[in-house]
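Numbering of the sequence shown is given in full-length UniProt numbering, commencing with residue 1 and proceeding in unit increments.
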Amino acid sequence: MIWIIIGFVGQAMFTLRFIIQWIASEKAKKSIVPNAFWYFSIAGSLTLLVYAIHRRDPVFIVGQSTGSFIYLRNLYLIKKNRKSTSNQ
1 MIWIIIGFVG
11 QAMFTLRFII
21 QWIASEKAKK
31 SIVPNAFWYF
41 SIAGSLTLLV
51 YAIHRRDPVF
61 IVGQSTGSFI
71 YLRNLYLIKK
81 NRKSTSNQ
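Set out below in structure tokens:
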């Protein structure tokens, strides 16, 4: 039962990223991707990856691993851009 809960928690975090992005875009009156989108993406993806590993689902594992790498890379680029902007 705990694994079903972990799976649903991961899916909820993953879904919340779209709601966060939608609300931010509505407030800005244009399409934007807030940093919280990437944090919820990585949290949801890593939680779902743990669930997929538990389920031993290779398709799910590869999909979540790839996504996790992309989300982490985006967070790294955001942090790197902030540092270079603050140094100017």
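C-beta atoms are modelled at their ideal positions from N, C-alpha and C, and glycine is treated no differently.
Segment limits, alpha helix (DSSP H) that includes residue i
i   : result
S86 : 58-86
I32 : It is not in any alpha helix (DSSP H) - I32 carries neither H nor E in the DSSP assignment.
Residue j beta carbon less than 7 Å from that of residue i
i   : j   : result
L46 : S68 : yes
I32 : A43 : no
W22 : L75 : no
F60 : A52 : yes
V20 : A36 : Checking the sequence, you will find Ile at residue 20 rather than Val. Cβ distance < 7 Å, so I20 and A36 count as in contact.
Assigned secondary structure, residue i (DSSP; H/G/I helix, E/B strand, else coil)
i   : result
M13 : helix
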